[in-house]
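Enquirer: Here it is, the structure in full.
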Amino acid sequence: MIRKSSIFWVLAISFLLAASCSSPKKQAATLLLYGGPIYTVDSTQTMVEAVATKDNIILFAGSLAEAQEYKTAQTKIIDLEGKTMTPGLIEGHGHFMGLGYNELEVDLLNTTSYQEIVDIVAEAVKNAEPGEWIIGRGWHQSKWDALPEDAVNGFQTHYKLSKVSPDNPVFLSHASGHAAFANAKAMEIAGLQILSKDGIDKFSVEGGEVMRDKTGRPTGIFNERATSLIWKHVPEENSEKRDKAFDLAVAACHRNGITSFHDAGIAKNTIALYEDKKAANKMKVRMYAMIKGGNKDLLNEWYERGPLVDPDNLLTIRSIKLSCDGALGSRGAWLLESYTDRPGHFGHETLPMKDVKETALNGLRNGFQVCSHAIGDRANREILDRYEAAFVELPDLKTNHRFRIEHAQHLHPDDIPRFAKLGVIPAMQAVHMSSDRPWAIDRMGEKRIKEGAYMWQDLLKSGIPIINGTDVPVEPLNPIASLYASISRKTLKGTPEGGYEPEQKMTREQALKSYTLDAAYGAFEENIKGSITAKKLADFTIYNQDIMTIPEDKFLKTEIAMTIFNGKVVYTKSD
Ligand SMILES: [Zn+2]
Numbered sequence: 000m001i002r003k004s005s006i007f008w009v010l011a012i013s014f015l016l017a018a019s020c021s022s023p024k025k026q027a028a029t030l031l032l033y034g035g036p037i038y039t040v041d042s043t044q045t046m047v048e049a050v051a052t053k054d055n056i057i058l059f060a061g062s063l064a065e066a067q068e069y070k071t072a073q074t075k076i077i078d079l080e081g082k083t084m085t086p087g088l089i090e091g092h093g094h095f096m097g098l099g100y101n102e103l104e105v106d107l108l109n110t111t112s113y114q115e116i117v118d119i120v121a122e123a124v125k126n127a128e129p130g131e132w133i134i135g136r137g138w139h140q141s142k143w144d145a146l147p148e149d150a151v152n153g154f155q156t157h158y159k160l161s162k163v164s165p166d167n168p169v170f171l172s173h174a175s176g177h178a179a180f181a182n183a184k185a186m187e188i189a190g191l192q193i194l195s196k197d198g199i200d201k202f203s204v205e206g207g208e209v210m211r212d213k214t215g216r217p218t219g220i221f222n223e224r225a226t227s228l229i230w231k232h233v234p235e236e237n238s239e240k241r242d243k244a245f246d247l248a249v250a251a252c253h254r255n256g257i258t259s260f261h262d263a264g265i266a267k268n269t270i271a272l273y274e275d276k277k278a279a280n281k282m283k284v285r286m287y288a289m290i291k292g293g294n295k296d297l298l299n300e301w302y303e304r305g306p307l308v309d310p311d312n313l314l315t316i317r318s319i320k321l322s323c324d325g326a327l328g329s330r331g332a333w334l335l336e337s338y339t340d341r342p343g344h345f346g347h348e349t350l351p352m353k354d355v356k357e358t359a360l361n362g363l364r365n366g367f368q369v370c371s372h373a374i375g376d377r378a379n380r381e382i383l384d385r386y387e388a389a390f391v392e393l394p395d396l397k398t399n400h401r402f403r404i405e406h407a408q409h410l411h412p413d414d415i416p417r418f419a420k421l422g423v424i425p426a427m428q429a430v431h432m433s434s435d436r437p438w439a440i441d442r443m444g445e446k447r448i449k450e451g452a453y454m455w456q457d458l459l460k461s462g463i464p465i466i467n468g469t470d471v472p473v474e475p476l477n478p479i480a481s482l483y484a485s486i487s488r489k490t491l492k493g494t495p496e497g498g499y500e501p502e503q504k505m506t507r508e509q510a511l512k513s514y515t516l517d518a519a520y521g522a523f524e525e526n527i528k529g530s531i532t533a534k535k536l537a538d539f540t541i542y543n544q545d546i547m548t549i550p551e552d553k554f555l556k557t558e559i560a561m562t563i564f565n566g567k568v569v570y571t572k573s574d
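Each residue of the sequence shown is one higher than the one before, starting from 0 at the first, in numbering that gives the first Met the number 0.
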């Protein structure tokens, strides 16, 4: 006799079996990863044992037993062998082509004296064609043990450099990108050698400075917009060099575990280049490009066209970059009170503030995010004011604006809570603190540094996420250095003990989030990336050691072991 309840159970079980057959669990995984700590940055399950992907999408993240159900004979297995995995890292503010060119040009990032720069240029002269320009970048006088004796306003003079390169023009950008250093030949080509006290006005540039010695002669240092006096004589890059730089930048990203990149300000020709690269299937980093805001015709063109949100998630253009002040190193950052080490000097406003308001309004009307560069407290305040005024004027369009301030480095205490209140996201490159904090105190004095410099924890506590990054090529692309700076607030030499203003340190979870989910949020992309969550894009970074538990003094030894982009392994560190 068959009881009714048995029939019920038979039916119920058959139903469940049928249901599980048609459930997505039967999807075949292309990749199965397990065997090491996997940090998801997903608050519903912060760590998982295994991840299964299908093509470029995450199918499953959870227990190894469940993940195995997606495995077929074709599934590629990656045993992490104890290595650590996180979501693919996002460089939240960098200059992609600058990164590529930097790999091609004279790299001065690690120089520690003026003599070293002179030696490197002397070497480059040997290999240069007659008259060929020697372009380099990355020097920083504050990283030198001592300034040359003939320094003017805290900067070296060109004579030593001119001596080793009498016939090749040389132009070397400051690490900040906000100043540059020319030799006599370069200045001669630009028509500046005749500069005397009487000739000064002829070469004055609004928003910039040609530095001069007591006799009125140029020292070789060009600040901010004055760099254009030389730049306009440097021959344009040819397309062969451009392609090479692009490929080098992609490779550098993969080597550094970077799968997405926020490119902070590109002009029309670079937009065209990126579109070509995407069409040629060479865009192997997810590009979130900001349109350079200096060119109003270009902006109008984009307002008409509307945001480009790529269905392939490879090239998205929906934001505008404005450059509103200079850098602290070259005393270009725009301050509320004058520089401690140059009284009476407040830095530069490099864009009329009415343009910020106008761009904010146009951004809201046309669906573009606005990202404004601001380092000094005055620049930060002025921009917050302009954003706020635009929000008041267009209250219906301001929802979900996600406007950003790039750097947000020095803030007046009154302005710190305004970020969260207005929903303005600070994009702060933690490694700048490591490099700049030792000398920033000379520029700003103790009070301003303690109350308003690199205020990560105060901003986070006020309820606004922070986007991290490196501002490459201002700093090397290395995310490990910036993560280390975030959690230690020390220089990369590990000083001082306990870190600078330690109450502003990020926790490791916050730091990882600033390089993943929060950076994705800053690009309206938190639904497709930034955490290891089913249905998101299969981008992962794998490290040789556990960045969430390794003792702080070993953190900088972390290496990128593997990078997975769009479901494919694009980099493996060879032993
Ligand atoms: Zn930048």
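Glycine included, C-beta positions come from ideal geometry on N, C-alpha and C.
Remember, predicted model here, so these are calculated numbers, not experimental data.
Would you grab the beta carbon distance between Met427 and Asn467 for me? Rounded to a whole angstrom, and I think it's under 8 Å.
Expert: Their Cβ separation, rounded to whole angstroms, is 7 Å, which keeps Met427 and Asn467 in contact under 8 Å.
Enquirer: Give me, in chain order, the residues of the same chain whose beta-carbon lies closer than 8 Å to that of Val577; leave out the 5 immediate sequence neighbours on both sides.
Expert: This structure cannot settle anything about residue 577, because the visible part of the chain is limited to 0 through 574.
Enquirer: Helix, strand or coil for Arg417, going by three-state DSSP, please let me know.
Expert: Arg417: helix per DSSP, three-state reduction.
Enquirer: Considering only heavy atoms of ligand 1 and the C-beta of each residue, which residues fall inside 6 Å, strictly closer?
Expert: Going by the Cβ distance cut-off, the answer is His92, His94, Ala263 and Asp470.
Enquirer: Return helix, strand or coil for Phe221, following the three-state DSSP convention.
Expert: Strand.
Enquirer: Using the Cα positions of Ser371 and Ala28, report the straight-line distance between them to the nearest angstrom.
Expert: Spanning the two alpha carbons is a distance of roughly 42 Å.
Enquirer: Counting Cβ pairs, one atom from each stretch, are 3 or more of them under 8 Å apart for the segment 561-573 and the segment 532-542?
Expert: The segment 561-573 vs the segment 532-542: in contact.
Enquirer: Going by C-alpha to C-alpha distance, which of Glu496, Tyr483, Phe523 and Ile374 sits closest to Tyr453?
Expert: Nearest of Glu496, Tyr483, Phe523 and Ile374 to Tyr453, Cα basis: Ile374.
Enquirer: Given a threshold of 16 other Cβ atoms within 10 Å of its Cβ, counted over all protein chains shown, does Pro86 qualify as buried or as exposed?
Expert: Pro86 should be labelled buried.
Enquirer: Closest to Ala332 by CA distance: which of Gly34, Ile415 and Ala439 is it?
Expert: With distances taken between Cα atoms, Ala332 lies closest to Ala439.
Enquirer: Can you tell me which of the three DSSP states Cys323 falls into?
Expert: Residue state, collapsed to three classes: coil.
Enquirer: Would you list the residues sitting across from Glu348 in a DSSP beta bridge?
Expert: Beta-bridge pairing links Glu348 to Asp324.
Enquirer: With DSSP as the reference, please indicate the residues paired to Pro406 in a beta bridge.
Expert: A quick correction: the sequence has His, not Pro, at residue 406. Ala373, per the DSSP bridge assignment.
Enquirer: Give the single residue among Val284, Leu103, Glu48 and Glu502 whose Cα lies nearest to the Cα of Glu239.
Expert: The candidate whose alpha carbon is nearest that of Glu239 is Leu103.
Enquirer: Just mark Ser329 as buried or exposed, buried being the case when its beta carbon has 16 or more other beta carbons within 10 Å.
Expert: With 16 or more other Cβ atoms within 10 Å, it is buried.
Enquirer: Which one of Thr52, Glu68 and Thr83 has the shortest CA to CA distance from Gly34?
Expert: Out of Thr52, Glu68 and Thr83, Thr83 has the C-alpha closest to the C-alpha of Gly34.
Enquirer: From the DSSP output, read off the bridge partner residues of Glu90.
Expert: Paired residues: Phe260.
Enquirer: Name the DSSP bridge partner or partners of Glu274?
Expert: Its beta-bridge partners do not exist; DSSP assigns none.
Enquirer: Over what stretch of residues does the alpha helix (DSSP H) that includes Glu445 continue unbroken?
Expert: Taken as a continuous stretch (DSSP letters only), the alpha helix (DSSP H) holding Glu445 covers Ala429 to Gly451.
Enquirer: Who are the near neighbours of Gly264 in its chain, counting only those whose CB is closer than 6 Å to its CB and skipping five residues on each side?
Expert: Counting only Cβ-Cβ distances below 6 Å, and skipping sequence neighbours, we find Met289, Lys291 and Lys320.
Enquirer: Can you grab the Cα-Cα spacing for the pair Phe390 / Glu381, in whole Å?
Expert: In a straight line, the C-alpha of Phe390 is about 14 Å away from that of Glu381.
Enquirer: If we count the other Cβ atoms within 10 Å of its Cβ and call it buried at 16 or more, is Thr469 buried or exposed?
Expert: Buried, because 16 or more other Cβ atoms sit within 10 Å of the Cβ of Thr469.
Enquirer: In whole angstroms, give me the CA-to-CA distance for Leu146 and Asp340.
Expert: Whole-angstrom Cα-Cα distance: 15 Å.
Enquirer: I'd like to know if the segment 246-263 and the segment 271-287 are in contact, where contact means that at least 3 CB-CB pairs between them fall below 8 Å.
Expert: In short, these stretches touch, since the Cβ pair count reaches three.
Enquirer: By how many angstroms is the C-alpha of Ala49 removed from the C-alpha of Met352?
Expert: Distance between the alpha carbons of Met352 and Ala49: 51 Å.
Enquirer: Out of curiosity, what's the CA-to-CA distance linking Leu88 and Lys162?
Expert: Those two C-alpha atoms are separated by around 44 Å.
Enquirer: Roughly how many angstroms lie between the CA atoms of Ala248 and Thr214, to the nearest whole one?
Expert: So the two alpha carbons sit approximately 43 Å from each other.
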